[in-house]
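Asks: Its first residue numbered 51, the sequence shown is counted upward by one per residue in our numbering. Quick reminder that beta carbons are idealized off the backbone N, C-alpha and C, glycines included. All values derive from a computational prediction rather than experimental measurement. Handing you this structure, nothing more for now.
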Amino acid sequence: MDVVISIIIMIFILGLLVLSHEWGHFIAARIFKVRVNEFSIFMGPKLFSRKSKKTGTVYSLRAIPLGGFCAMQGEEESDDGDDAFCNKAWYKRAVILVAGALMNFIVAIVLITVIFMFTGYDTRQVSTVGTTGPIALSGMEAGDKVYKYNGDGILNPIDYDLYVTAYGNDLKNISFHVKKADGSKVKYSFERDIKIVNSEVDGETVTTSMTADINVYATKGDNKQYMGNYSSTWENSDTLIITMTAQDGSYEVYKYGKNETGSFGTTYEKYSVDKQMIDSSYTEDTQDAPVAESTILSYNPYKYGFSFTYSEQGNIFQCLGRSVTYNVSLVKSVINSLKWLITGRLGMDALSGPIGLTSVVSDVVDADIGIGYQILTLINLMALISANLGAFNLLPIPGLDGGKLVFVVVELIRGGKKVPPEKEAIVSLIFMALLVILSLFVAGSDIFKLIG
């Protein structure tokens with residue numbers, strides 16, 4: 051029963067978003083006096099239709115609960131009428147084409163604003179700084195605002211999450227630009243070197259230790275200052291040793307895992323500049339020893355020891371402003387994800403279609419979080435889809451609104467000489483077929499994820 055409910059919810063969400071998208075085209079077409087032949091909710095055979103006596107537009111409801119369309123006169127064929135899309139000035143056609151995506155962005159902004167009014171919003175402000183990560187040596191403090199990661203701008207924490215997902219362990223050096231409470235700006239950089247020791251065990255090469263050695267710097271203006279060194283070593287897949295050397299040469303050692311007595315626990319030692327131990331402690335661990343898996347020897351440079359979970363409550367105008375920047379980040383994620391898919395940084399399994407989204411809806415429906423949080427989560431999902439739908443439609447791909455905008459630009463470059471609508475329609479049809487094939491591939495991938 052939950053599956054049926056999830057499917058119905060997903061159809062409802064997609065239906066509303068497509069309707070709002072096509073409604074944007076429809077409103078703009080009416081403003082510029084373009085004849086709309088049919089405005090349809092969903093695709094396939096007609097279930098119901100009504101023709102407006104005033105405008106001649108046919109309003110219809112179709113059988114297949116996916117998509118919809120706003121069919122304008124002269125959009126795909128030549129027409130001599132003054133009310134034909136192809137005969138309107140280039141800027142009017144451009145506005146009509148953009149209006150669908152614009153409506154999706156407006157819907158997303160409104161929905162996220164509603165969520166922020168109830169839940170508050172995360173900011174770029176650092177809430178906590180750990181004591182055992184590389185960041186602890188840098189001088190970053192709670193209250194700092196992170197606005198760049200490796201030179202890429204951060205409007206919201208989701209920008210940082212996206213960069214982490216895309217770059218993985220590929221980057222050797224990491225940097226954060228922050229704005230301090232006094233308004234000054236500091237760049238914290240982490241320059242790491244990886245050392246791997248392999249041994250022969252039963253004729254096979256195995257990794258017995260891996261050390262990530264990180265030098266930490268703080269740069270203010272032209273002054274780059276060494277702040278300390280962070281060294282993290284895995285030994286024999288069961289012991290982690292972290293050494294944090296401060297700017298003055300004093301250092302602390304944390305050893306997690308097996309100790310000399312054979313038991314497992316955490317050993318802490320603190321040393322002065324002249325290497326004299328000034329403090330120590332040991333806490334025995336009741337948990338089992340770390341599992342000796344290959345993943346235990348991986349090192350994630352992004353877990354640098356700070357959190358963005360600083361949440362604020364704001365009035366409706368503040369929530370609206372935060373919603374706008376949040377949606378800008380969502381649009382950036384679409385553009386960057388496409389770029390990373392093309393370059394191979396992200397795999398095709400990163401894509402998800404209606405089937406995968408229905409699975410997400412099913413998880414929300416099944417979650418024991420209360421009806422209020424379920425509704426807010428679904429609204430958040432709807433906003434995410436709406437922003438992605440708007441951004442995707444503006445991509446310069448024939449068959450999409452962005453592809454049609456490309457033809458408008460070509461017209462301007464050619465001094466006003468238009469590409470015949472019939473030729474444009476043929477090119478769009480070819481690319482739409484390719485998009486359908488991609489959609490089928492994504493659907494198959496989603497199904498394999500579900501049954502896998």
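(1) Considering Ile204, what are the terminal residues of the beta strand (DSSP E) in which it resides?
(2) Just to confirm, is the Cβ distance from Thr261 to Thr289 under 7 Å?
(3) So Ile162 and Tyr423 are in contact, right, with Cβ under 8 Å, and what is the actual spacing, rounded?
(4) Out of Ile392, Met327, Tyr306 and His75, state which residue places its alpha-carbon closest to the alpha-carbon of Thr317.
(5) Leaving out five residues before and five after Pro470 in sequence, what residues of the same chain have Cβ atoms less than 8 Å from its Cβ?
(6) Assuming Val145 contacts Cys120 (C-beta within less than 8 Å), just tell me the rounded distance between them.
(7) Ordered along the chain, which non-local residues of its own chain (more than five positions away) have a Cβ less than 6 Å from that of Tyr349?
(8) When the Cα atoms are used, what is the spatial distance from Tyr238 to Lys222?
(9) What are the boundary residues of the beta strand (DSSP E) that includes Phe119?
(10) What separation, rounded to the nearest whole angstrom, lies between the Cα atoms of Val477 and Ala78?
(11) Output the boundary residues of the alpha helix (DSSP H) element that contains Gln297.
(12) Tell me the DSSP bridge mates of Arg100?
(13) Determine, using beta carbons only, whether Leu19 and Ser436 come nearer to each other than 7 Å.
(14) So, Phe457 versus Glu472, is the Cβ gap smaller than 7 Å?
(15) Using the three-state DSSP reduction, which class does Phe314 fall into: helix, strand or coil?
(16) In the DSSP assignment, the beta strand (DSSP E) including Gly271 goes from what residue to what residue?
(17) Of all the options Lys142, Phe89 and Met190, which has the alpha carbon lying nearest to the alpha carbon of Met98?
(18) Is it buried or exposed for Thr107, if we count other Cβ within 10 angstroms and need 16 for buried?
(19) Per DSSP, Tyr321 is paired with what?
(20) Could you name each continuous alpha helix (DSSP H) segment of 4 residues or more that falls completely within the stretch 51-89, going from the start of the chain to the end?
(21) I want to know whether the stretch 149-158 touches the stretch 437-455 - three or more CB-CB distances under 8 Å.
(22) Just grab the DSSP bridge partners of Asp451 for me.
(23) Would you kindly work out how many angstroms separate the C-alpha atoms of Thr295 and Ile224, rounded to a whole number?
(24) Let's see if you can read the secondary structure: which residues bound the beta strand (DSSP E) around Val157?
(25) Should Gln363 go down as buried or exposed, given a rule of 16 or more other Cβ atoms within 10 Å for buried?
(26) Enumerate in chain order the residues of its own chain whose CB-to-CB distance from Ser373 is below 7 Å, with the five nearest sequence positions on each side excluded.
(27) How long is the line joining the alpha carbons of Met432 and Tyr213, rounded to whole angstroms?
(28) If we ignore side chains and look at the alpha-carbon of each, how far apart do Ser48 and Gly124 end up?
(29) Leaving aside the five residues before and after Leu380 along the sequence, list all residues of the same chain whose C-beta is less than 6 Å from its C-beta, in chain order.
(30) Restricting to Cα atoms, I'd like to know which of Lys195, Asn265, Asp252 and Gln275 is closest to Ser281.
(31) Count the other C-beta atoms from every protein chain shown that fall within 10 angstroms of the C-beta of Met327, then say buried if there are 16 or more, exposed otherwise.
(32) Provide the residue span of the beta strand (DSSP E) that contains Lys229, from first to last.
(33) Got a sec, what are the start and stop residues for the alpha helix (DSSP H) Phe367 sits in?
(34) Which same chain residues, not among the five before or five after Cys369, have their C-beta less than 6 Å away from its C-beta?
(35) DSSP three-state call for Ala433: helix, strand or coil?
Replies: Walking through what the data contain:
(1) According to the DSSP assignment, Ile204 belongs to no beta strand (DSSP E), since it is labelled neither H nor E.
(2) Their beta carbons are not under 7 Å apart, which means Thr261 does not touch Thr289 by this criterion.
(3) The beta carbons of Ile162 and Tyr423 sit about 16 Å from each other, so the pair does not count as a contact at 8 Å.
(4) That would be Tyr306, whose Cα lies nearest to the Cα of Thr317.
(5) Within the same chain, Pro470 has close Cβ partners Ser128.
(6) For a cut-off of 8 Å, the C-beta gap from Val145 to Cys120 is around 14 Å, too long to register as a contact.
(7) With a pLDDT of only 37 at Tyr349, under 50, the local geometry of the prediction cannot be trusted, and the value read off the model is given with reservation. Within the same chain, and ignoring the five residues on either side of Tyr349 in sequence, the residues whose Cβ sits closer than 6 Å to its Cβ are Ala262.
(8) Whole-angstrom Cα-Cα distance: 14 Å.
(9) Run containing Phe119: Val108 to Met122, per the beta strand (DSSP E) assignment.
(10) Taking the straight line from one Cα to the other gives about 24 Å.
(11) In the DSSP assignment, Gln297 falls outside any alpha helix (DSSP H) and carries neither an H nor an E.
(12) Paired residue(s): Tyr109.
(13) Residue 19 falls outside the range modelled here, since the chain spans only 51 to 502, and no answer is possible.
(14) Contact flag unset, no.
(15) DSSP places Phe314 within a strand segment (E or B) once states are collapsed to three.
(16) Per DSSP, Gly271 belongs to no beta strand (DSSP E) and is neither H nor E.
(17) The residue you asked about is not Met; residue 98 is Phe in the sequence shown. Closest option to Phe98, judged by alpha-carbon separation, among Lys142, Phe89 and Met190: Phe89.
(18) Looking at its Cβ environment, which holds 16 or more other Cβ atoms inside 10 Å, Thr107 is buried.
(19) In DSSP, Tyr321 forms a bridge with Tyr301 and Met327.
(20) Unbroken alpha helix (DSSP H) stretches of 4 residues or longer found wholly inside the stretch 51-89: 52-81, given in chain order.
(21) Three or more Cβ pairs closer than 8 Å define a contact, and the stretch 149-158 meets that threshold against the stretch 437-455.
(22) For Asp451, which the question treats as bridged, DSSP gives no partner whatsoever.
(23) One Cα belongs to Thr295, the other to Ile224, and the distance between them is close to 19 Å.
(24) That residue, Val157, is in no beta strand (DSSP E); its alpha helix (DSSP H) goes Trp140 to Thr169.
(25) Within a 10 Å sphere around the beta-carbon of Gln363 sit fewer than 16 other beta-carbons, which makes this residue exposed.
(26) Hits under 7 Å: Ile159, Ile162, Thr163 and Phe166.
(27) Just so you know, the alpha carbons of Met432 and Tyr213 end up roughly 23 Å apart.
(28) Nothing about residue 48 can be read from this structure; the chain reaches only from 51 to 502.
(29) Sequence-distant Cβ neighbours of Leu380 in its own chain, meaning closer than 6 Å and more than five residues away, are Ala437.
(30) Residue Asn265 is the option with its Cα nearest to Ser281.
(31) Exposed.
(32) Counting along the chain, the beta strand (DSSP E) containing Lys229 begins and ends at Asn223 to Lys229.
(33) Note, Phe367: alpha helix (DSSP H), Ile366 to Thr393.
(34) Around Cys369: Thr163, Phe166 and Met167.
(35) In this structure, Ala433 counts as helix in the three-state DSSP scheme.
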